[in-house]
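Here the sequence shown is numbered in our numbering, starting from 119 and rising by one per residue.
Just so you know, even glycine gets a beta-carbon here, dropped at the ideal spot from N, CA and C.
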Amino acid sequence: MFLLDGSAITSASDLSNASYCEFAFLRTVDAKLRRIEPIVEPEDEMLMRTSKLGDQHELRVLESYRAEFGTGVVELDRPDVRDAVALAAAVESTITAFRDGAPVVFQAAFFDGSFIGFADFIVRRPDGRYRVQDTKLARSPKVTALLQLAAYVEQLQMAGIPVDDDVDLILGDGTVSTHAVADILPVYRRRRARLLRIVAERLEADGPVAWGDQRYSVCGRCAWCDAEITASRDVLLVAGLRLTQRDRLLAAGIATIDDLASLTLTGSTERPGQHGPSGGAGGTVDGIAESTLAALREQAHLQLEPSLAAGVPAFRVHDATALGLLPQPDPGDVFFDFEGDPLYTEGEPGDARRGDRTRWGIDYLFGLVDTDGRFRSWWAHDFHEERTALIDFLAYLTARRAEFPSMHVYHYAAYERTHLLSLAARHGVGEDTIDDLLREAVLFDLYPFVRKTVRVGSRSYSIKKLEPLYMGEDHRDSDVTDAAASITAYAEARELSRSDDPELVAEGERKLAEIAEYNAYDCESTRRLRNWLLDLGAERGVLPGTFVTDAPEPLVDEPTPLHDALTALAGDPLDPERTADATAYALAAAAIDYHRREHKSFWQEHFSRLIAARDEWEDTRNVFTVTSGVVERDWFREGRQRSDRRHVRLRGRWAPGSSVKVGADPFAVYDHPGPYTLPRAEPGSRPAGQITVLDVDDDSLLIQETLKTDREPYTELPVALTPSPPPRPGTQVDAIAEWGQAVLDAAPEWPDDGVVDILRRRPPRTSSGEPLPHRGDGRTIEDVTAALLDLDDSALAVQGPPGTGKTYVASHVITALVQQHGWRIGVVAQSHDVVENLLERVVKAGLSPALVAKTLRSGADPDAERGYTVLPANGHGAFMAEQAGGFVIGGTAWDFSNPNRFDRKSLDLLVVDEAGQFSLAYTIAASVAARNLLLLGDPQQLPQVSQGTHPEPIDTSALGFVADGRDVLPPELGYFLHETWRMDAAVTEPVSRLSYGGELRSAAATTKRRLEGRAPGLHVVPVHHVGNATSSQEEADRVAELVRSSIGLRWTDPDAGRIDDPVSEADIIVVCPYNAHVAVVRATLDAAGFDAVRVGTVDKFQGQEAVIAIVSLAASSPADVPRGMSFLLMKNRLNVGISRAQWAAYLVHSPALTEYLPVTPEGVAELSAFIRLVDGH
């Protein structure tokens, strides 16, 4: 920002700076207004090097455009930004270049009186529109860079220049990241308006912006913030304290480290004279768990305690028993540290705009010391040497492990672990060895161990801040004192080594030796830290290796030769030119490993929850945090029961997105030490055992606990329920392996198979060789039927947005195939409810109930009325054998993968209903029973939920994978149902813009409807409130007002037989994101006499509709939102919520929800979509 003729001029860089830290930006403005002295920061050599590399990257792109367009590239010189005449001339030259149709404009100048900017490249497209491009050295797109692109797009639009729908970031590795203008412009305009507003406030102010001014955000890390944090003794002085926790402490009147240190906690024993603020009621702080608050208070205490000696911080052993987790010392132990340069590049630049194959980042020094302090190193000055160093380093460890089987490799923080994995992936060597090191816990990270066992009176727990505690007289600073200095010194050394001057080469060698000394010192520091921790344990009588934790038994084996063979066919996963077939092989390999990873991830997270502070996992999906409980029936036995059990009613709060049903078996977790101890549990671990859910509500549930035979009855109540483990995969693992073997056996060709076509993203293969029929004119059922009859062992997809009659189409297609062509058809889905609903609809479509069958789900009422044939358990084969012709049979992936229930390829068609929620892995498992597949669903509605972390998107839904991120399924891949019979056009229009690229429209029948006194469409209802996270009484009250004003309005829907009919409570749906808000809204409506209005989370209403739908978002601001804004503003959830409405939808929300900058491009797109909704664009 600068002043020009008295006016404030801002740039895209100002927008980036203000987005990072408004306080620092405004302090800089104050300094330019001469209200305060500026902070002069030392030169950042890494930043200078990055800038130089960025200039070189920009020049390469420019040269590629020169080579392509020659003099057609208009290159403009930057004017003096403080010269208004020169600026005007540059802008005029820019506009002239566009008017003349220049192919490329470099450094286009923009100035509108308040904004100034210079665009890297603006390129003319074949249609005459211009696309904005920017070069960034980063290897992934950054949000601030997208805002910069949006700024130039807006300037072009204001100048009347036709602008392309997309913008490009040309990244440092040559890849081009393309983004839709519509996904970034709304966020840019909000942030730009915010910037202009705060700058105007500064210009009108009398003095500098004050620390603690709640109008402005702070980062807590920059030089401006650090100076004020220190001067004001802000709570951010406390190590590990987050900004969100600071906000909650400030709201409780706790502003300084001294306030926090003297906080009176519930049940605490205070020292004499140590009385301070008590926070909330009972010494609590809303939004911070008591255990977390106690840890922060202890940390503040320690930071205020006197040093043990000059420069030596106070410390306290926090958990002495946990010191026993440290492994037994072994003569073979080593202490490891990497040195790396993230800015190192290698490879031929090639075309800088189309992927140049340049690779970034090198780990140039592998160093370690042994138990005697002997240093050993492996250097790498290019990628070939890095590969060699990795091989040699792993060979050294393998040999050492053979000599010392109980050895460990100690390191501090996660860098060493993550970079060993990335190096193995980059070079394709050592992956099995590293897997062994990780699986057998040879690598031991001391950082989390320190955080678990020790509290240190320092603002940071970096190893450099801990060294005064154990390095003694050897604690020293060298010329290379930290990682950034090491990187800079290495770059300088490499530059010197290329010189022809022997003295300069010698200087380079001296620098390398200094780096090696720095690395050796770090390795020695890690060794002495381990020894110091051993001493702490010995002083407290805790022996190392006292506790050994066992990982749970894996339910499936480690990766198999089949997995490895398919992975080999897939090639390099990082190859930017990886083919679709290579990707399909990679997905096939990931499918083989799918269930193992799902279970592994679950158990890792489960045992982590038993140790971690509760506030770290309370917002995890399907966690119930208990606030109170009562035993409704104490320990008892009935009939022939051999174990005692009790029934407990728990009240509390469900985490966002939770969906737990009766019969579920989550874990009941108790506070340590609890009523029992788990075998071989980590010290401090909470006991937990699985229970059965008997009844569930929005804020309460009834559970049954069963007492194990080796335990005595107890009175304690659980503090939380945590997620159930994934179901055992059963025959799915074998079915997937069988399918994968067929793929491998056919390589390099591909078997004729529907799932193979899905993974290769190929159009459906037809016997006729003709494309799919798309005759239109209401003939969708005929078209889909004809397409399925023509399928040649392939797959067809049908995307059905809300109200488009997806199930109607499917049921009539299935009926026609069975009645007219004798097809044998299976129906599978994520839940029994979905399968059974489609079976019922098939019967309604005219197929005999005797030809439609399914077994009962576990726990289902056998006497309930059903429209189809109920089979006995394992009755599938007998039913199919009795049928002379076609039939329909429902089941699960467990059923269709089981060869004892379905012979391989015995069905003509497998219908995957709600395929937008059915993973590729499950699809593969079930597909072995059928020749052809029909994927039915909508990936734009509720998505698939996965437990695991997978190397390939095998957990993606089958239909979502086919759609490949597109809002609308392309016609060559299947059918998009364009007409909704549910929503009025005024409701359909925003839903269509939000989720379907404008392709969804309302059927003519919807025009017959009328609601007296109420306009159709989406109505935005802003409600101002503060401090609400997952429930809002203010919004609940507004919802009640909307319901009250709607009851009794006259509704006409001739097709439903309603003419001038009063709206009743049954005609209204209220959709909430959180169960806590459901409870508040439910209570508010009940109190107002509207107890028949349906209220629930979005997953409970999929498939339902109402005259009026009210969506209430509950949270006050982004800072209040648990699990992040991506959950609250997910387009899929908003789509489902709004699209319940036939006539009118209401979006009740706090306006502050749009006042933030997301940290990912995906988040920007989500926020932009929400802004378009609330702004009506």
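- Distance from the CA of Ile854 to the CA of Leu1028, rounded to the nearest whole angstrom, comes to 16 angstroms.
- Residue state for Gln808 is assigned as strand, using DSSP reduced to three classes.
- Given a length threshold of 4 residues, the stretch 304 to 338 has no whole run of the alpha helix (DSSP H) inside it.
- When His1143, Phe501, Tyr514 and Asp437 are compared, the shortest CA-CA separation from Phe454 is found for Tyr514.
- When the Cα atoms are used, Ala220 and Val192 turn out to be separated by approximately 7 angstroms.
- Excluding its 5 nearest sequence neighbours in each direction, Thr903 has C-beta neighbours in its own chain below 7 angstroms: Val931, Ala934 and Leu935, listed in chain order.
- For Pro221, the secondary structure class from DSSP, reduced to helix, strand or coil, is coil.
- C-alpha of Phe187 to C-alpha of Thr253: approximately 18 angstroms in a straight line.
- Here DSSP, grouped into helix, strand and coil, assigns Phe501 to helix.
- Unbroken beta strand (DSSP E) runs of no fewer than 3 residues, entirely contained in the stretch 1041 to 1124, are found at 1048 to 1055 and 1092 to 1094, following chain order.
- Under the Cβ criterion (8 angstroms, minimum of three pairs), the stretch 226 to 244 counts as touching the stretch 207 to 214.
- The Cβ neighbour count for Lys826, taken over all protein chains shown within 10 Å, is under 16; the residue is labelled exposed.
- Going by C-alpha positions, Val560 is about 24 angstroms away from Lys582.
- In this structure, the straight-line span from the alpha carbon of Leu1077 to that of Ala688 is close to 22 angstroms.
- The C-beta of Gln251 has 16 or more other C-beta atoms within 10 Å across all chains shown, which makes the residue buried.
- In the three-state DSSP reduction, Asp238 falls in the strand class (E or B).
- Counting C-beta pairs closer than 8 angstroms gives fewer than three between the stretch 809 to 817 and the stretch 857 to 874, which falls short of the contact rule.
- From the listed residues Ser1230, Thr1215, Trp1169 and Val1292, the smallest Cα separation to Pro1108 is found for Val1292.
- The bridge partners DSSP lists for Arg477 are Glu464.
- DSSP places Val1161 in the uninterrupted alpha helix (DSSP H) bounded by Gln1151 to Ser1164.
- Thr973 sits in a strand when the DSSP states are folded into three classes.
- The Cβ neighbour count for Ser746, taken over all protein chains shown within 10 Å, is under 16; the residue is labelled exposed.
- Rounded to the nearest whole angstrom, the C-alpha separation of Trp329 and Asn135 is 17 angstroms.
- From the listed residues Gln759, Tyr788, Val811 and Gly124, the smallest Cα separation to Val780 is found for Val811.
- Residue pairing of Val1266 in beta bridges, as defined by DSSP: Val1139 and Ser1230.
- Within the stretch 869 to 928, the complete alpha helix (DSSP H) segments of 4 residues or longer fall at 872 to 877 and 898 to 908, listed in chain order.
- In this structure Val203 is exposed. Its beta-carbon is surrounded by fewer than 16 other beta-carbon atoms within 10 angstroms.
- Comparing alpha-carbon positions, the option among Ala730, Asp195 and Leu877 lying closest to Ala700 turns out to be Leu877.
- DSSP, read as helix, strand or coil, puts Val430 in strand.
- Apart from the 5 residues on each side of it in sequence, Pro259 sits with its Cβ closer than 6 angstroms to the Cβ of Leu287, Ser295 and Pro1279 in its chain, given in chain order.
- In the assembly as shown, Gly575 is a buried residue. Its beta-carbon has 16 or more other beta-carbons within 10 Å.
- A Cβ-Cβ separation of about 5 angstroms places Tyr1114 in contact with Asp1085 under the 8 angstroms criterion.
- Closest in C-alpha terms to Val916, from the list Leu890, His939, Trp941 and Gln937, comes Leu890.
- Met1248 is classed as buried because its beta carbon has at least 16 other beta carbons within 10 Å across all chains shown.
- Rounded to the nearest whole angstrom, the C-alpha separation of Ala1287 and Arg1049 is 40 angstroms.
- The beta carbon of Tyr530 lies closer than 6 angstroms to those of Leu564, Tyr565, Ile581 and Thr644 in the same chain, with the five residues before and after it left out.
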